[in-house]
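Encoded as structure tokens, the structure appears first; notes follow it.
Residue numbers (the working numbering): 5 to 730.
Right, dumping it as structure tokens:
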């Protein structure tokens with residue numbers, strides 16, 4: 005894949021125009037002139053375009069010789085860095101307001117494009133010589149291409165499948181679970197206060213306030229312009245692109261032919277549990293994209309090392325540990341690999357050079373990933389809080405619990421659906437990919453790779469095994485979504501093994517991969533997770549017709565899509581989004597609670613109670629104290645104007661920030677609780693049975709026994725009380 009180098013002057017002009025428009029828009033937002041769904045959409049498109057332009061200009065300075073797919077990965081990475089740094093700095097200063105973010109971004113965009121650096125200035129090392137075998141497995145047939153200029157066709161197919169999936173089942177899926185429990189409530193608090201304050205959950209796991217913030221800062225970017233979750237449900241969509249590009253690049257770096265690398269990308273994004281994240285405000289696809297991009301970057305660093313490439317590897321690792329705690333063990337191992345590559349490739353320049361590069365990487369990782377760990381250490385004296393640090397059974401650093409093996413096995417999320425993992429049961433987590441492709445392909449790769457002197461494939465296969473061990477023995481509880489990176493690594497290594505069996509004839513791989521990928525896509529059941537006859541019919545039609553369509557597409561379109569065609573297609577897609585946005589936004593707002601109630605039976609009466617709250621507080625914001633529930637985001641109301649508080653049974657107002665230590669719930673104290681209710685000007689109590697234990701919180705009995713609280717909604721699973729002030 006060849007580098008893509010647009011004229012710097014044109015990009016400077018585009019960035020300057022976008023910066024000027026953003027500055028004007030910031031003033032309008034501050035004065036209330038750009039509000040509502042359409043105004044928010046205009047602001048979101050504008051700041052995102054400026055963000056990408058600023059990131060692209062930086063990439064063209066330091067990485068302008070890289071293939072276009074690497075440039076795209078770098079642009080997405082640098083864009084996330086800008087979002088994270090802006091969010092952390094402004095949020096710590098209490099200035100995380102949308103107009104301030106827009107003005108700072110406009111200043112970044114207005115800066116002139118720096119001169120692209122030469123090879124010597126970039127610290128470029130000589131590229132390792134490649135043997136004929138290492139130049140790719142080659143092969144003949146319809147997938148035999150010497151370059152990749154047609155991933156656009158693959159992406160178009162994936163987007164089509166994604167849109168079809170959203171239309172079938174997920175167009176109005178509520179942001180349930182972690183999204184409304186802590187991801188989006190955090191963002192709502194930041195929109196209100198401009199500070200990175202973390203609300204403590206009223207019930208359930210006490211860990212979320214101490215989690216890393218990088219993915220939530222990206223969610224802030226999608227929520228703040230709209231003051232709604234209407235776009236936030238799609239926060240993982242850009243990282244599907246990042247994941248796809250990273251899988252393709254890593255496949256190329258371990259010497260898959262271009263078509264085989266594209267097949268690996270297609271297969272990864274077709275996994276049913278990965279597709280699930282298309283419309284959910286979570287961060288597992290985000291983490292998978294970052295880890296795969298870091299792995300691909302390390303492979304490229306080995307082959308063609310530059311200081312920029314070394315810095316991008318550290319950047320991706322830092323972003324990963326700043327996204328999710330479970331990334332730490334994966335990043336620790338990958339970091340050792342990064343250091344080994346740097347030592348090997350720069351050893352000729354002396355240890356001083358190696359130490360400087362390692363120090364640079366450590367600083368980048370700390371700056372981009374260490375914020376929450378440092379805050380936990382400063383405020384709670386333990387970077388891993390709430391997990392207690394022990395040595396030999398003795399407490400070294402305080403915490404709420406110690407993640408012992410006994411604790412792990414007693415956790416309700418510790419068991420794992422192994423039948424679903426292998427494709428059996430009502431709905432396989434990853435379709436039939438593991439038994440049909442990954443396991444036999446990995447076996448072929450491990451057996452044949454040493455004979456072919458392909459150690460990179462062996463290393464990748466062993467890394468899959470190690471990552472599965474990390475998942476099972478290191479991570480305290482087990483969700484299939486934690487396995488997304490391992491699945492991608494396994495698919496790449498497995499397809500390499502299959503190609504050896506097929507003697508590099510990649511059309512045989514197409515015959516295998518396309519039906520499995522289409523079967524995966526059709527494995528997402530219609531309705532509320534219940535298999536129906538329509539699912540089988542849809543799946544059969546998709547597999548038969550889709551296979552023929554994809555083969556025809558590859559045969560007739562491969563290598564013929566130009567950059568101009570791609571640009572026109574992206575412009576047309578943007579115009580289409582602008583045209584349909586009002587319809588989608590209005591439909592979402594009108595049907596939100598009916599659809600949420602239909603699709604979330606486990607929440608019982610709460611969706612309709614949320615509707616009542618929105619109608620009641622739309623013109624007059626309220627303060628709501630919660631107990632028993634951890635589904636709090638809908639309580640912030642339209643435009644996120646309601647205050648939502650957790651007041652523990654001992655009267656403590658719960659929260660976490662610099663200078664505000666987390667306080668575990670103490671013994672019940674009715675008088676102190678009532679005093680805090682009064683001092684906080686609480687208007688409503690929102691009480692459900694405790695999500696962890698199922699019993700009603702003591703606050704409900706206190707409200708029932710007092711004349712100060714008037715019952716508004718009394719349901720089997722929800723009690724809402726108005727504070728009368730008597």
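Glycine is no exception: its CB is placed at the ideal position from the N, C-alpha and C atoms. Treat the numbers as computed from the prediction; the structure is a model and nothing was measured.
Per-residue DSSP class, three states only, for residue i
i           : result
residue 588 : helix
residue 418 : coil
residue 19  : helix
residue 389 : coil
residue 377 : helix
residue 394 : strand
residue 540 : Because the pLDDT of residue 540 is 49, which lies under 50, any placement of that residue in the model is unreliable, and the question is left without a value.
residue 699 : coil
residue 715 : strand
residue 399 : strand
residue 404 : coil
residue 640 : helix
residue 182 : helix
residue 518 : helix
residue 661 : strand
residue 720 : coil
Residue i, buried or exposed, once every other Cβ within 10 Å from all chains shown has been counted against 16
i           : result
residue 30  : buried
residue 276 : buried
residue 246 : buried
residue 533 : Low local confidence applies: a pLDDT of 40 at residue 533 is under 50, so the model's placement there is unreliable, with the coordinate-based value given in what follows. Classification for residue 533: exposed.
residue 633 : buried
residue 707 : buried
residue 405 : exposed
residue 597 : buried
residue 286 : buried
residue 587 : exposed
residue 353 : exposed
residue 637 : buried
residue 35  : exposed
residue 377 : buried
residue 714 : exposed
residue 455 : exposed
residue 660 : buried
Terminal residues of the beta strand (DSSP E) in which residue i lies
i           : result
residue 358 : Counting along the chain, residue 358 falls outside any beta strand (DSSP E), though it belongs to the alpha helix (DSSP H) covering 355 to 373.
residue 679 : From DSSP, residue 679 is part of no beta strand (DSSP E) but of the alpha helix (DSSP H) over 674 to 683.
residue 726 : 723 to 727
residue 689 : 688 to 691
N-terminal and C-terminal residue of the alpha helix (DSSP H) that residue i is part of
i           : result
residue 75  : 72 to 97
residue 336 : 331 to 350
residue 48  : 40 to 66
residue 488 : 488 to 505
residue 648 : Residue 648 -> not in any alpha helix (DSSP H); beta strand (DSSP E) instead, spanning 647 to 650.
residue 631 : It is not in any alpha helix (DSSP H) - residue 631 instead sits in the beta strand (DSSP E) that spans 627 to 631.
residue 189 : 188 to 197
residue 612 : 610 to 621
residue 109 : 102 to 114
residue 262 : 262 to 273
Within 8 Å, strictly: CB atoms of residue i and residue j
i           : j           : result
residue 205 : residue 692 : no
residue 321 : residue 292 : no
residue 221 : residue 341 : no
residue 327 : residue 290 : yes
residue 271 : residue 461 : no
residue 189 : residue 44  : no
residue 690 : residue 628 : yes
residue 300 : residue 257 : yes
residue 100 : residue 194 : yes
residue 439 : residue 427 : yes
Residue-chain proximity (residue i, chain C), Cβ-Cβ < 8 Å
i           : result
residue 442 : Included in the structure is just one protein chain, with no chain C present.
(message) Runs of 4 residues minimum, wholly inside the segment 429 to 483: which ones carry the alpha helix (DSSP H) assignment?
(response) 443 to 456 and 459 to 473
(request) Run through the segment 279 to 335 for me and flag every whole alpha helix (DSSP H) of 4 or more residues, listed as ranges in chain order. (result) 288 to 307 and 311 to 325
(request) Return the chain-ordered ranges of every alpha helix (DSSP H) run that is complete within the segment 221 to 254 and spans a minimum of 4 residues. (result) none
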